[in-house]
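Sequential numbering from 1 applies to the sequence shown in the UniProt record's numbering.
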Amino acid sequence: MTIALGPVMVASGCGGTGRELAPFLDLDGVAFVTRSVTLDARQGASGPRVVEVSGGLVNAVGLPNPGLEHFLATELPWLVRAGARVFVSVAGSTLGEYADLARRLSRAPGVAGLEVNVGAPDETGLDLFEVREPYHAASVVAAVRREFPADRPVLAKLRPDVSRVVEGARACHEAGATAVVLGNTVPAAFPDGRPGGLSGPAVAPVVLRCLTETARSLPGVPLVACGGVHDAASARLFLGAGAVAVQIGTALLHDPTTVARVAAELGDDA
Ligand SMILES: Cc1cc2nc3c(=O)[nH]c(=O)nc-3n(C[C@H](O)[C@H](O)[C@H](O)COP(=O)(O)O)c2cc1C
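Written out as structure tokens, the structure reads:
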């Protein structure tokens with residue numbers, strides 16, 4: 001399957017519901033990955049959820065979302081009306097939950113594709129299906145792929161775990177992922193020691209290492225880089241290292257127009 005992702009995408013959880021970006025950014029045609037949606041609503045973490053550190057942010061947001069039913073009734077139709085190409089990020093506690101999410105989203109109008117949040121970073125208390133080994137990641141992707149139309153993309157988003165990333169990407173690809181997203185936040189801590197995930201420019205070299213090793217080992221697998229992209233130069237670094245697209249997260253919290261600005265500058269290269 002050829003995948004029309006567009007070179008620049010909004011990363012999961014960083015574009016809110018889309019409404020928060022809309023005053024600053026025309027979403028028409030923008031590849032927008034939603035925050036991770038679970039079957040049931042989640043309140044998310046209590047206490048401070050995000051802190052700025054040098055080079056980025058540490059967050060422990062805890063995947064707050066209104067649950068699938070509410071998402072289908074409100075957030076999805078709004079994004080579709082705004083013209084976004086909607087990739088719904090899904091997260092579950094069991095393989096059955098992942099399958100259920102994929103089945104119901106396959107019938108929802110306007111879903112361009114899915115992104116499977118495979119093994120979110122190790123914030124405590126997330127209660128997601130535990131991914132310790134590549135075959136766990138593959139089982140999640142297979143459960144989703146079976147339930148989602150073969151002509152629409154399923155992206156597998158992997159933790160930027162440098163020691164296992166090639167095996168993880170291979171397992172996800174063999175299980176039917178159309179592309180593999182490298183990576184997510186990097187395990188870190190808040191200044192008070194609570195666990196969280198680091199994002200922003202500080203993580204870009206980690207993602208670049210994951211990307212170069214995976215691109216070299218698995219030349220046929222489409223790879224999407226996610227971590228620290230904030231301008232055209234940082235996007236070009238990943239695209240030059242073999243990514244077919246980049247996702248932008250943390251930079252949107254500083255400047256919601258980053259996606260449009262980077263896409264326009266890359267377009268000038270063409
Ligand atoms: C506030 C915040 C919320 C996030 N929520 C999600 C989420 O719901 N699902 C997910 O897969 N990733 C989530 N992420 C991770 C981002 O999508 C992205 O993978 C990570 O931040 C690295 O990219 P960046 O450096 O461009 O932010 C979140 C990140 C932040 C900072």
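Glycine included, every Cβ here is placed at the ideal spot set by N, Cα and C.
What you are looking at is a predicted structure, and each value in this text was computed from that prediction instead of being measured.
*asked:* Any heavy atom of ligand 1 closer than 7 Å to the beta-carbon of V141?
replied: No, the Cβ of V141 stays beyond 7 Å of every heavy atom of ligand 1.
_L158 vs A142 beta-carbon contact at 8 Å_ = Going by C-beta atoms, L158 is not nearer than 8 Å to A142.
_Nearer than 7 Å: is that true of the beta carbon of R35 relative to any heavy atom of ligand 1?_
Result yes, Cβ under 7 Å from ligand 1.
_DSSP beta-bridge partners of R159_ = None; R159 has no bridge partner.
*Among the residues of its own chain, which have a CB less than 6 Å from the CB of G119, if the five just before and after it don't count?*
Answer for G119: V131 and R159, listed in chain order.
_Alpha-carbon spacing of L39 relative to R103, whole angstroms_ = Spanning the two alpha carbons is a distance of roughly 12 Å.
_the segment 71 to 79 in contact with the segment 46 to 62 per 3-pair CB rule at 8 Å_ = A contact is defined here as three or more CB-CB pairs under 8 Å, and the segment 71 to 79 fails this definition with respect to the segment 46 to 62.
*Is DSSP giving C172 helix, strand or coil here?*
DSSP places C172 in the helix class (H, G or I) of the three-state scheme.
*Less than 8 Å separating the beta-carbons of E174 and A99?*
In terms of Cβ geometry, E174 and A99 do not form a close pair [threshold 8 Å].
*Would you kindly work out how many angstroms separate the C-alpha atoms of G193 and S199, rounded to a whole number?*
Their Cα atoms are separated by approximately 17 Å.
*Assigned secondary structure, P219 (DSSP; H/G/I helix, E/B strand, else coil)*: Judged by DSSP in its simplified three-state form, P219 adopts coil rather than helix or strand.
*Could you tell me the distance, in whole angstroms, from the CA atom of L182 to the CA atom of F87?*
Looking at the two C-alpha atoms, the distance is approximately 16 Å.
*Given R236, which residues of its chain have a CB within under 6 Å of its CB, disregarding the five upstream and five downstream residues?*
Within the same chain, no Cβ atom closer than 6 Å to the Cβ of R236 is found once the five residues on either side in sequence are excluded.
*asked:* Any heavy atom of ligand 1 inside 7 Å of the beta-carbon of L57?
replied: At least one heavy atom of ligand 1 falls within 7 Å of the beta-carbon of L57.
*If I'm right that N65 touches R107 with Cβ under 8 Å, what's the distance once you round it to whole angstroms?*
Between R107 and N65 the Cβ distance is about 19 Å, and since that is not below 8 Å, they are no contact.
_In this structure, how does DSSP classify P195 when only helix, strand and coil are distinguished?_
Secondary structure of P195 (DSSP, three-state): strand.
*Would you kindly check if the distance between the Cβ of A245 and the Cβ of P7 is under 8 Å?*
Yes; because the gap between Cβ atoms is below 8 Å, this pair is in contact.
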